[in-house]
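> Attaching a single structure in structure tokens format; questions to follow.
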DNA sequence: ACTTGACCTGGAGTGCGCTCCAACCGGTAA
DNA sequence: TTACCGGTTGGAGCGCACTCCAGGTCAAGT
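Residue numbers (this note's numbering), protein chains in the order written: chain A, 11 to 158; chain B, 11 to 158.
The structure is reproduced here in structure tokens:
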């Protein structure tokens, strides 16, 4: 498997694969007689896991640290577990934040729909108190142009 | 309310507030006689909403576009609604991806705990087939050093 | 009167994460 | 043989989102 095949299978560009190798995220692969990188299938699992770490918000530093620990073998097992547990908590927190935002968005989308329908809406009585809608009692007469 | 107070209340730095103003995310505030920015309380709701958009993965371009639409008033209501609906779907997808990752992490953390306890573990039989653990039948004898 | 501190502007610098490029090399097919 | 294709390297460039700094103004407190 050469770098082009791996790019296709992994969804990363050849440039990105070489970049990941350069910074140490990917192990240095074997080379064929012409000096070209030759990959084993197993690298795909590692890339997939790296992608997951990245797409769930782990930065390059931590991914690099995890990759380094991985090369150290079983001696680093507990360090890696602790990293994953820390990351797990971040993911849990992120899911909570995302879910909250979903409520905010639903309220807002609903409000906009009602306004588009020409329904008279007083933002002060909107259910969602944590968006920029929902004026406090002290503010009166603000319109969507000011608050949204 | 001056920029320092707003920074404290919003959690953004004064530099960031000025930067947001420069690129157009925040409306240009009034100035006092000395040329200093004076903010109204209502800006806090807008900043909070911008923060939410950002922290749920909306990039600066789209936030800028939304901010621009906002300044156009009610004429942009349906465009804004469509943007929010698009973003809502992204958030839903993100939550799904995060939740999936949670399962992956739980499996992996559990595996590591068992390995730390000295329990013999054959990664081939691991429950989680979508991580870099869980070798396909064709691969045999790979150890954590190769696969994790 | 002087000092302190918050503010002002414009512009440079930073870190992340790629992405692109020039210039080159080697194997294969017409 | 020639042309092409897919690799190789090192290094430059880019978009995002700030962050920091120099050098200045102004208002208020001692």
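Note that the Cβ used here is the ideal one computed from N, Cα and C, for glycine as well.
Give the residues of chain A in contact with residue 104(B), contact being defined as C-beta atoms less than 7 angstroms apart.
In chain order: 108.
> Excluding the 5 residues preceding and the 5 following residue 73(B) in the sequence, name in chain order all residues of the same chain whose CB lies nearer than 8 angstroms to its CB.
The residues are 35, 60, 63 and 64.
> Would you decide whether residue 101(A) is buried or exposed? Buried here means 16 or more other CB atoms lie within 10 Å of its CB.
Buried.
> Taking only runs that begin and end inside the region 32 to 72 of chain B, name each unbroken beta strand (DSSP E) of 3 or more residues, in chain order.
Entirely contained in the region 32 to 72 of chain B, not one beta strand (DSSP E) run reaches 3 residues.
> Under 7 angstroms Cβ-Cβ, which residues of chain B neighbour residue 62(A)?
Per Cβ cutoff of 7 angstroms: 111 and 114.
> Does the region 113 to 123 of chain B come within contact of the region 85 to 102 of chain A, defined as at least 3 CB pairs closer than 8 angstroms?
Enough Cβ pairs lie closer than 8 angstroms, so yes.
> Does residue 33(B) get closer than 9 angstroms to chain A when you measure Cβ to Cβ?
Not one chain A Cβ lies under 9 angstroms of residue 33(B).
> How is the alpha helix (DSSP H) around residue 87(A) delimited, first residue to last?
Per DSSP, residue 87(A) belongs to the alpha helix (DSSP H) from 87 to 126.
> With a cut-off of 9 angstroms, does the C-beta of residue 95(A) fall near any C-beta of chain B?
Cβ-Cβ to chain B under 9 angstroms: yes for residue 95(A).
> Excluding five sequence neighbours on each side, which residues of the same chain lie with their C-beta closer than 6 angstroms to the C-beta of residue 66(A)?
Only 101 meet the Cβ criterion.
> Between residue 16(A) and residue 70(A), is the Cβ-Cβ spacing less than 9 angstroms?
Their beta carbons are not under 9 angstroms apart, which means residue 16(A) does not touch residue 70(A) by this criterion.
> Out of 50(A), 41(A) and 57(A), state which residue places its alpha-carbon closest to the alpha-carbon of residue 23(A).
Ranking 50(A), 41(A) and 57(A) by Cα distance to residue 23(A) puts 57(A) first.
> Below 8 angstroms on the Cβ atoms is my guess for residue 76(B) versus residue 90(B); work out the distance and round it to an integer in Å.
Their Cβ separation, rounded to whole angstroms, is 6 angstroms, which keeps residue 76(B) and residue 90(B) in contact under 8 angstroms.
> Does the beta carbon of residue 122(A) sit closer than 9 angstroms to a beta carbon anywhere in chain B?
With 9 angstroms as the cut-off, residue 122(A) counts as an interface residue toward chain B.
> Let me confirm a value: residue 12(A) is counted as buried when at least 16 other C-beta atoms fall within 10 Å, else exposed. Which label applies?
Residue 12(A) should be labelled exposed.
> At a Cβ threshold of 9 angstroms, is residue 20(A) touching chain B?
Taking Cβ atoms only, chain B never reaches closer than 9 angstroms to residue 20(A), which makes this a no.
> Please report the distance separating the alpha-carbon of residue 111(B) from that of residue 99(A).
Rounded to the nearest angstrom, the two C-alpha atoms are 11 angstroms apart.
> Name the chain A residues whose beta carbon is nearer than 8 angstroms to that of residue 70(B)?
Within chain A, no residue comes near residue 70(B); the closest Cβ sits about 17 angstroms away, beyond 8 angstroms.
> As a quick exercise: from 30(B), 88(B) and 21(B), pick the residue whose alpha carbon is nearest that of residue 127(A).
Nearest option by C-alpha distance: 88(B).
> Counting only the same chain and skipping the five closest in sequence on each side, list residues whose C-beta sits under 7 angstroms from that of residue 19(B).
Closer than 7 angstroms at Cβ, skipping near neighbours: 54.
> Give the interface partners of residue 101(B) over in chain A, defined as CB-CB distance under 9 angstroms, in chain order.
Those are 108, 109, 111, 112 and 115, listed as they occur along chain A.
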